[in-house]
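K.L.:
Residue numbers (the working numbering), protein chains in the order written: chain A, -11 to 277; chain B, 33 to 408.
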């Protein structure tokens, strides 16, 4: 383990963002060469910088899997929880102290398979947490098994003959469950994704940002997707901005991913509503006394 | 007399928790613990706290742990099927050292079993339910008043030792209604977790200074940035693969409970001074045991009651000592013989151990215990 001072001395080139919002003594990260997660983690840090959030007041909650390691690298109050349960832990933190900015970083398996129930109910409840999904379409940490976002027909170590399941659209799932903010970013579209994450954190209710990552090690290898760069180029060529997609026919959008804020409405955030209830009960009691 | 009230066991559990400082309850409806959720939903916002009905049992305990991490005393309650579901996160709270109270109002199992019938079938799950070695504190009330008192103690122990504490109720006690005297709030001892006073980024979050029972806790959002994980970690709070660090962490976790056995133990004995025969009981079965003891005493038999209110850690020192002077121990419990195994392990050949169990949803009657007492 290197201490922070040494790191600063050693690498003057190190981005201020890394130095300010990450724990350099715990870097380099464990993600494989070419993994999209590092890009997305940086996007989160940049969005936090742009918003000027306080490090002490921001909480990062993660579950289990490749994505969950982000919590250890980010220099906030961080909690690495159990598989699938990050949103439920985050709900408790937000309820206990609504002034905290609570951000969940999760993977596609973590959030939509084992943790799917928590995702839809947090969305329905409109609790003010932000969920950022590092969606690599595979279980990476355990070695490449198909996940709920693995496309039909794609290969994984547990889908040796091609995946028979139909994949989830996680942003669509959140929208369907009543999320007041649902969006999609990608590892390739860095600037757009930073903006989207910023908007998601800024949004007062529940927000979900499904960020397309890349997993060249497992998904890419199993599906002959080429190098990490090839996989990022696929994102460049196949993701359509939401404004443009709105004018396109469903047929034209087949096989494409829509990029941007897909849905945003405002309604009362859960902890705000609960605090109002407490105030009302206090007032009623005072009036009766 | 103070303020005497008629209360249900489940209600006393909530009132005790509130007196202890509970300000968040996360739960999921399940018989026979549901009143704990219902009453919490009424009472918590009145006290400035929050109630949330989560989407499932796992989310409920996760939410309670999250709230505790942010500095709020939190509780969740359930029954057998839900207690099974909570086991993974119970282990998380034990390893990450997050104070938390989990109530199990036991019902007949296994599986869905007989939801409205009493049982004590989760006693070994309380000890061994989550994977891996871990410390456990579990308390067993046998009356409404005791439920109130032990609910407070459960919070105090969880805060003091930074560990989840199990309040192992049963349907019989949970749904029992009886009169009890409410203590004056000033008379109630409240223990709060040891908390970091001056946040310091260089501080190791799991480092203990000499004389401390547990590392001081830093509520999220109060300036001390650190990491919490369910991976084996060192004093920095970050994962480690060092076998030496893992050994140190595991031994500290186990010893913080075992070294404080005397503080945690809580025995309610009756007529043990001159007893030849002891009834070993806990929770709901204690009520039939008391009648059986009274009837036996009326017949001239020297019978006493050995009743742990803290069931885990098991009161092995006291039971071993008592058994040396006894001619017989009768274990009475609503299961197929769970704590019986512990009694046999501890008593060894000091005296014979006989067993009265019930596993059909019914309750053990005083005459069934008396019959075992009188058996040659």
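Ideal Cβ placement from N, Cα and C applies to all residues, glycine included.
(1) Which residues in the same chain as residue 24 of chain A place their Cβ atom closer than 6 Å to its Cβ, once the five residues preceding and following it in sequence are excluded?
(2) Excluding the 5 residues flanking residue 26 of chain A on each side, which residues of the same chain have their C-beta closer than 7 Å to its C-beta?
(3) Can you list, in chain order, the residues of its chain with a C-beta nearer than 6 Å to that of residue 159 of chain A? Leave out the 5 residues immediately preceding and following it.
(4) Rounded to whole angstroms, what is the Cα-Cα separation between residue 247 of chain A and residue 277 of chain B?
(5) State the DSSP-derived secondary structure class of residue -11 of chain A, mapped to helix, strand or coil.
(6) Among the candidates B:257, B:264, B:371 and B:342, whose CA atom is the shortest distance from the CA of residue 460 of chain B?
(7) Residue -2 of chain A by DSSP, collapsed to three states: which one?
(8) Within the 8 Å Cβ cut-off, does residue -10 of chain A reach chain B?
(9) Hey, does residue -2 of chain A have any beta-carbon neighbour from chain B nearer than 8 Å?
(10) Which residues bound the beta strand (DSSP E) around residue 62 of chain B?
(11) Buried or exposed for residue 144 of chain B, please, with buried defined as at least 16 other CB atoms from any protein chain shown within 10 angstroms of its CB.
(12) What does residue 49 of chain A pair with, by DSSP beta-bridge criteria?
(13) Can you pull the DSSP bridge partners for residue 109 of chain B?
(14) Taking residue 272 of chain A as the reference, give the member of B:79, B:205 and B:63 with the closest Cα.
(15) Could you tell me if residue 42 of chain A is buried or exposed, where buried requires 16 or more neighbouring beta carbons within 10 angstroms of its beta carbon?
(16) Once the 5 residues before and after residue 31 of chain A are set aside, which same chain residues still bring their CB inside 8 Å of it?
(17) Give the single residue among B:136, B:142, B:58 and B:141 whose Cα lies nearest to the Cα of residue 186 of chain B.
(18) Could you tell me which whole alpha helix (DSSP H) segments of length 4 or greater appear in the region 152 to 195 of chain A?
(19) Out of B:382, B:46, B:102 and B:121, which one is the CA nearest neighbour of residue 88 of chain B?
(20) In chain order, which continuous runs of the alpha helix (DSSP H) of length 4 or greater are located wholly inside the region 346 to 372 of chain B?
(21) For the pair the region 182 to 198 of chain B and the region 46 to 54 of chain B, tell me if three or more CB-CB distances fall below 8 Å.
(22) Report the residues of the region 120 to 153 of chain B with a CB closer than 7 Å to any CB of chain A, ordered along the chain.
(23) What residues from chain A crowd round residue 295 of chain B, counting only those whose CB sits closer than 7 Å?
(24) Could you name the residues of chain B that residue 181 of chain A contacts, counting a contact when the two beta carbons are closer than 9 Å?
(25) Drop a sphere of 10 angstroms on the beta-carbon of residue 162 of chain A, count the other beta-carbons inside from all chains shown, and report buried for 16 or more, exposed for fewer.
(26) Mind checking whether residue 148 of chain B and residue 167 of chain B have CB atoms under 8 Å apart?
(27) Can you give me the C-alpha to C-alpha distance between residue 124 of chain A and residue 136 of chain A, rounded to a whole angstrom?
(28) For the region 76 to 95 of chain B, list every residue whose C-beta sits within 7 Å of some C-beta in chain A, in sequence order.
(29) Are there 16 or more other CB atoms within 10 angstroms of the CB of residue 287 of chain B, so buried, or fewer, so exposed?
(30) In whole angstroms, give me the CA-to-CA distance for residue 266 of chain B and residue 195 of chain A.
(31) Does the separation of the CB atoms of residue 367 of chain B and residue 393 of chain B fall below 8 Å?
(32) Since residue 47 of chain A and residue 253 of chain B are thought to touch, with beta carbons under 8 Å apart, how far apart are those beta carbons, to the nearest angstrom?
(33) Thinking C-alpha only, which one of A:120, A:213 and A:83 is nearest residue 95 of chain B?
(34) In whole angstroms, what is the alpha-carbon distance linking residue 154 of chain A and residue 234 of chain A?
(35) For residue 398 of chain B, name the three-state secondary structure that DSSP assigns.
(36) Suppose the cutoff is 7 Å on Cβ atoms and the five residues either side in sequence are ignored; what does the same chain contact list for residue 180 of chain B look like?
P.N.:
On the basis of the data shown:
(1) In the first chain, residue 24 of chain A corresponds to position 36, counting from 1. Cβ neighbours of residue 24 of chain A beyond the five flanking positions: 175, 201 and 202.
(2) Against the first chain, residue 26 of chain A aligns to sequence position 38. Within the same chain, residue 26 of chain A has close Cβ partners 17 and 19.
(3) The residue given as residue 159 of chain A occupies position 171 in the first chain. These residues qualify, in order along the chain: 170, 172, 198 and 250.
(4) Taking the first residue of the first chain as position 1, residue 247 of chain A is located at position 259. Taking the first residue of the second chain as position 1, residue 277 of chain B is located at position 245. For residue 247 of chain A and residue 277 of chain B, the distance between alpha carbons rounds to 45 Å.
(5) The residue given as residue -11 of chain A occupies position 1 in the first chain. Model confidence at residue -11 of chain A stands at a pLDDT of 44, short of 50, so the residue's coordinates are unreliable and nothing is read from them.
(6) No answer is possible for residue 460 of chain B: it lies beyond the span of chain B, which begins at 33 and ends at 408.
(7) Within the first chain, the letter at position 10 stands for residue -2 of chain A. Low confidence applies here, because residue -2 of chain A scores a pLDDT of 49, under 50, leaving its location unreliable and the question unanswered by this model.
(8) Counting from 1 along the first chain, the entry for residue -10 of chain A is found at position 2. Only weak support is given to the placement of residue -10 of chain A: the predicted model assigns it a pLDDT of 46, under 50, and the value that follows is read from those uncertain coordinates. No, its Cβ sits nowhere closer than 8 Å to a Cβ of chain B.
(9) Here residue -2 of chain A refers to the residue found at position 10 when the first chain is read from its first residue. Only weak support is given to the placement of residue -2 of chain A: the predicted model assigns it a pLDDT of 49, under 50, and the value that follows is read from those uncertain coordinates. Closer than 8 Å: no.
(10) As a first step, residue 62 of chain B is located in the second chain; it is residue number 30 there, counting from the start. Residue 62 of chain B -> no beta strand (DSSP E), and no H or E assigned at all.
(11) Residue mapping note: residue 144 of chain B aligns to position 112 of the second chain, counting from 1. By the 16-neighbour rule on beta-carbons within 10 angstroms, residue 144 of chain B is exposed.
(12) Looking up residue 49 of chain A in the first chain gives position 61. Answer is A:67 and A:92, bridged to residue 49 of chain A.
(13) Numbered from its first residue, the second chain carries residue 109 of chain B at position 77. Answer is B:135, bridged to residue 109 of chain B.
(14) For this step, residue 272 of chain A is matched to residue 284 along the first chain. Of the candidates B:79, B:205 and B:63, the one whose C-alpha sits nearest the C-alpha of residue 272 of chain A is B:79.
(15) Taking the first residue of the first chain as 1, we reach residue 42 of chain A at position 54. Answer is exposed; the Cβ neighbour count stays below 16.
(16) The residue given as residue 31 of chain A occupies position 43 in the first chain. Within the same chain, residue 31 of chain A has close Cβ partners 173, 178, 181, 182, 185 and 199.
(17) Taking the second chain and counting its residues from 1, the one referred to as residue 186 of chain B is at position 154. Closest option to residue 186 of chain B, Cα to Cα, is B:136.
(18) 158 to 164 and 178 to 190
(19) Counting from 1 along the second chain, the entry for residue 88 of chain B is found at position 56. The closest CA to that of residue 88 of chain B, considering only B:382, B:46, B:102 and B:121, is found on B:121.
(20) 348 to 356
(21) Touching, yes, given that three or more Cβ pairs across the two stretches are closer than 8 Å.
(22) 120, 121 and 124
(23) Looking up residue 295 of chain B in the second chain gives position 263. Chain A residues near residue 295 of chain B: none, gap ~28 Å exceeds 7 Å.
(24) Within the first chain, the letter at position 193 stands for residue 181 of chain A. The premise fails here: residue 181 of chain A is roughly 25 Å from chain B at the closest Cβ pair, so nothing lies under 9 Å.
(25) Working through the first chain from its first residue, we reach residue 162 of chain A at position 174. When all chains shown are included, residue 162 of chain A counts as buried.
(26) Your numbering for residue 148 of chain B matches position 116 in the second chain. Your numbering for residue 167 of chain B matches position 135 in the second chain. Their beta carbons are not under 8 Å apart, which means residue 148 of chain B does not touch residue 167 of chain B by this criterion.
(27) The residue given as residue 124 of chain A occupies position 136 in the first chain. The residue given as residue 136 of chain A occupies position 148 in the first chain. Computed Cα separation, rounded: 11 Å.
(28) 77, 78, 80, 82, 84, 86, 87, 88, 90, 91, 94 and 95
(29) As a first step, residue 287 of chain B must be located in the second chain, where it is residue number 255. By the neighbour-count rule (16 or more Cβ atoms within 10 Å), residue 287 of chain B is not buried but exposed.
(30) Counting from one through the second chain, the residue named residue 266 of chain B turns up at place 234. Counting from one through the first chain, the residue named residue 195 of chain A turns up at place 207. Distance between the alpha carbons of residue 266 of chain B and residue 195 of chain A: 34 Å.
(31) Here residue 367 of chain B refers to the residue found at position 335 when the second chain is read from its first residue. Here residue 393 of chain B refers to the residue found at position 361 when the second chain is read from its first residue. For residue 367 of chain B and residue 393 of chain B, no; Cβs fall outside 8 Å.
(32) Indexing the first chain from 1 puts residue 47 of chain A at position 59. Indexing the second chain from 1 puts residue 253 of chain B at position 221. Contact flag correct, Cβ pair sits at about 7 Å.
(33) Your numbering for residue 95 of chain B matches position 63 in the second chain. Looking at A:120, A:213 and A:83, the one whose alpha-carbon comes closest to that of residue 95 of chain B is A:83.
(34) As a working mapping, residue 154 of chain A is identified with position 166 in the first chain. As a working mapping, residue 234 of chain A is identified with position 246 in the first chain. Distance between the alpha carbons of residue 154 of chain A and residue 234 of chain A is about 24 Å.
(35) The count along the second chain starts at 1 and reaches residue 398 of chain B at position 366. Three-state result, residue 398 of chain B: helix.
(36) Reading the second chain from its first residue, position 148 is the one you call residue 180 of chain B. So the qualifying residues of the chain are 44, 47, 48 and 212.
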